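For reference, the structure is listed below as structure tokens.
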Amino acid sequence: MEGGIPRTDKTEFRECCLTTWKQPYIMQLALSAGIGGLLFGYDTGVISGALLYIRDDFEAVAKSTIYQEFIVSTAVAGAMVGAAIGGWVNDWKGRRISILVADVLFFIGALVMAASIHPMMIICGRVLVGMGVGMASMTGPLYISEASPARIRGALVSTNALLITGGQFVAYLINLAFTKAPGTWRWMLGVAGLPALLQFILMWSLPESPRWLYRKGRVEEAVDILRKIYPPHELDDEVEALHKSVVTEIAEESSIGEVSIITRVRKAWSNVVVRRGLIAGIGCQVAQQFVGINTVMYYSPTIVQLAGFASNKTALALSLVTSGLNAIGSIVSILFVDRYGRRKLLLWSLFFIIVCLTSLFGVFKEAAMHSPPVTQVESAHFGANATCPLYSTARDASTWSCMSCIKASSDCAFCANGQNPGACLALNPSVKNACHGEHREWFTKGCPSSFGIIAVFGLGAYIIAYSPGMGSVPWILNSEIYPLRYRGVCGGMAAVANWFSNFVVSLTFLTLTQLLGSAYTFLLFGFFSSCAFVFIYFYVPETRGLSFEEVEKMLERGFKPWPFNSKQKSSINEAQGNH
């Protein structure tokens with residue numbers, strides 16, 4: 020069970036319920052640390068809705084996709100820094116202190132965002148929150164794993180993943196709750212400080228990880244904590260198992276030697292077996308982001324608006340669908356990843372992702388081709404000064420549609436008139452109020468479309484395809500594919516690759532929709548998904564049922580994509596027979 024993400028089944032979940040019922044202290048440890056997962060998910064989900072109202076309050080943000088992208092993506096950049104700091108704090112001061120520091124950063128960041136008087140303040144708050152998320156995302160599961168009985172460790176660690184997707188769902192509910200409140204986005208972003216404060220209070224009264232204490236020579240303290248986790252008849256065996264595990268870990272680290280992180284990275288890439296594992300592991304992490312998932316999680320309400328729903332509240336309500344399906348997909352993954360295998364789930368997941376993204380391309384393409392026309396009569400209805408300047412001076416104004424209007428400039432918006440032709444107007448509050456005053460809809464992102472609900476179903480199908488396979492399997496694969504002595508440094512490289520890819524995708528999505536259009540942006544992600552399918556087919560082996568040693572031998576021999584070579588297949592069958 021050491022050295023990776025433990026896998027779970029129904030029996031383990033039943034055992035988890037029985038054990039925690041008898042020893043509620045275990046659940047107190049797991050849920051207290053798991054609040055970090057809730058914060059992680061909440062931050063991912065809340066910004067997608069808050070961004071709609073930030074645009075309404077700050078004209079500079081409404082007119083600049085770069086501003087919007089930085090508000091979203093700087094949290095990811097902060098998470099990369101936080102993950103790096105978290106790894107150092109984990110080793111130096113322990114898991115508990117690392118979680119407490121993450122809570123402080125998250126709480127301060129939430130307050131800064133809620134009190135922001137300028138978009139740059141929001142960005143600063145997002146960086147602080149991101150640092151907290153980065154520290155919590157790597158420390159929470161580690162603390163739960165090290166403070167849980169081995170027989171239910173997988174189930175308890177899995178609760179952290181469920182809390183992440185649960186946090187995303189809660190974020191959309193809270194976004195909806197504050198749509199009519201004064202300050203809207205300030206409440207949405209500021210309320211995140213409350214669970215961070217709660218976790219800080221809970222973790223302050225809880226002990227350090229027994230494994231960390233044992234490694235630091237504080238054996239009696241570690242044993243005292245284990246005494247609260249295990250029944251008396253199991254305690255001696257668990258202390259002995261912990262001792263052997265720590266000794267083995269130290270020996271493996273010593274085999275690499277006391278060298279700098281750069282030297283360890285160089286050694287990892289120069290080792291043929293480790294390099295093959297890194298290509299598969301890092302490739303899966305990069306692919307996970309470049310299929311476009313976080314464009315949906317970070318920009319879901321904006322995408323719904325691109326599909327033709329102008330109302331912020333409607334966009335938020337429909338975005339609940341994607342968040343809820345993501346949570347369901349996480350549960351499906353837990354149930355099926357050991358039954359069907361990592362590789363098969365990845366390939367089937369990518370196949371359906373490609374189908375969904377291609378379908379979304381078709382839907383958004385049709386919506387753009389059938390966007391309502393713009394007429395000079397409608398535009399002049401609101402006064403000469405209200406008309407978008409580019410439309411007024413355009414030689415081909417008679418051919419303009421809603422899509423032509425909103426793409427012409429960030430200073431243009433479309434005022435719809437039901438199913439009739441609409442007006443291309445200047446983007447400013449007074450003109451917007453005039454449009455709303457006649458009970459019309461105001462569009463700055465997408466256009467009125469009968470295809471909108473089809474696009475929402477397409478997004479839902481995309482989430483269903485993504486979550487059970489590409490959503491969770493890359494993390495499981497990375498916990499299994501590296502030799503023990505290199506697992507720390509290789510896992511770190513894979514995590515950095517994931518965060519960096521996340522940053523690139525979230526930083527460029529809105530710019531891509533402007534340059535290519537929504538339809539071709541989804542087609543581009545479909546192309547990336549096709550490349551990922553080919554990569555995984557040829558470079559990612561099946562690790563289901565194999566021990567760490569068997570995985571290492573398989574990588575040493577070289578991997579054949581399909582069908583399995585006889586040695587690999589016999590290794591898998593033998594391993595499954597032993598289990």
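For my numbering, count along the sequence shown from 1 and bump the result up by 19.
Using N, Cα and C, we set each Cβ at its ideal position, and we do this for glycine too.
All of these numbers come straight from a predicted model, not from anything done at the bench.
Within 10 angstroms of the Cβ of residue 580, are there 16 or more other Cβ atoms? Answer buried if so, exposed if not. exposed
Distance between residue 534 and residue 399 (C-alpha atoms, nearest Å): The alpha-carbon separation between residue 399 and residue 534 amounts to approximately 29 Å.
Can you tell me whether residue 403 is buried or exposed? The criterion is at least 16 other CB atoms within 10 Å of its CB, across all chains shown. exposed
Grab me the residues of residue 152's own chain with a C-beta within less than 6 Å of its C-beta, minus the 5 sequence neighbours each way, in chain order. 59, 62 and 98
Determine the DSSP secondary structure at residue 468, reduced to helix, strand or coil. coil
Three-state secondary structure (DSSP) of residue 279: coil
Within 10 angstroms of its Cβ, does residue 587 collect 16 or more other Cβ (buried), or is it exposed? Bear in mind that the predicted position of residue 587 carries a pLDDT of just 49, short of 50, making it too unreliable to give a figure here.
Tell me whether residue 599 is buried or exposed, calling it buried when 16 or more other Cβ atoms sit within 10 Å of its Cβ. There is no way to answer for residue 599, as the model of the chain reaches only from 20 to 598.
For the alpha helix (DSSP H) containing residue 155, list its first residue and its last residue. 138-165
Secondary structure, beta strand (DSSP E): runs of 3+ residues fully inside the segment 172-234: none
Just to confirm, is the Cβ distance from residue 295 to residue 288 under 8 Å? Contact: no.
Return helix, strand or coil for residue 419, following the three-state DSSP convention. coil
Proximity below 8 Å, CB of residue 290 to CB of residue 486: no
Beta-carbon separation (whole angstroms), residue 317 vs residue 483, contact threshold 8 Å: About 19 Å separates the two Cβ atoms, so there is no contact after all.
What does the alpha-carbon distance come out to for the pair residue 184 and residue 411? C-alpha separation (whole angstroms): 47 Å.
If we count Cβ pairs, one from each stretch, closer than 8 Å, do we get three or more for the segment 540-559 versus the segment 185-199? no
Just confirm the distance between the C-beta atoms of residue 131 and residue 144, as a whole number of angstroms; I'd bet it's less than 8 Å. In this structure residue 131 touches residue 144 by the C-beta definition: roughly 4 Å separates them, less than 8 Å.
Cutting at 7 Å between CB atoms, please list the residues of its own chain near residue 254, excluding the five before and the five after it. 245 and 246
According to the neighbour-count rule (16 or more other Cβ atoms, all chains shown, within 10 Å of its Cβ), is residue 331 buried or exposed? buried
Check whether the Cβ atoms of residue 242 and residue 266 sit closer than 8 Å, and answer yes or no. Taking 8 Å as the Cβ cut-off, residue 242 and residue 266 do not qualify as a contacting pair.
Please give me, in chain order, every unbroken run of the alpha helix (DSSP H) with length at least 4 that falls completely inside the segment 40-119. Taking 4 residues as the minimum length, the alpha helix (DSSP H) runs contained wholly in the segment 40-119 are 43-76, 78-81 and 84-111, in order along the chain.
Grouping DSSP H, G and I as helix and E and B as strand, with all else coil, what is residue 531? helix
Counting along the chain, where does the alpha helix (DSSP H) carrying residue 433 start and finish? Unbroken run through residue 433 is the beta strand (DSSP E), 431-436; no alpha helix (DSSP H).
Top-ranked residue by Cα proximity to residue 93, from 522, 178, 136 and 449: Looking at the Cα atoms, 522 is the closest of the given residues.
Per DSSP, residue 393 is paired with what? 441
Secondary structure of residue 328, DSSP reduced to three states: coil
Which of the three DSSP states is assigned to residue 309 in this structure? helix
Helix, strand or coil for residue 406? Go by DSSP, reduced to three states. strand
Limits of the alpha helix (DSSP H) - the one that residue 380 falls within: 361-388
Ordered along the chain, which non-local residues of its own chain (more than five positions away) have a Cβ less than 7 Å from that of residue 53? 159, 163, 178, 179 and 182
In terms of residue numbering, what span does the alpha helix (DSSP H) encompassing residue 400 cover? Residue 400 -> no alpha helix (DSSP H), and no H or E assigned at all.
Any idea what DSSP makes of residue 578, helix, strand or coil? coil
Between the C-alpha atoms of residue 562 and residue 303, what's the straight-line distance to the nearest angstrom? Spanning the two alpha carbons is a distance of roughly 14 Å.
Tell me which residues share the same chain as residue 406 and place their Cβ nearer than 8 Å to its Cβ, disregarding the 5 neighbours each side in the sequence. 398, 399, 442, 443, 444 and 445
How long is the line joining the alpha carbons of residue 306 and residue 440, rounded to whole angstroms? 42 Å
What residue does the alpha helix (DSSP H) around residue 555 start on, and which one ends it? 537-558
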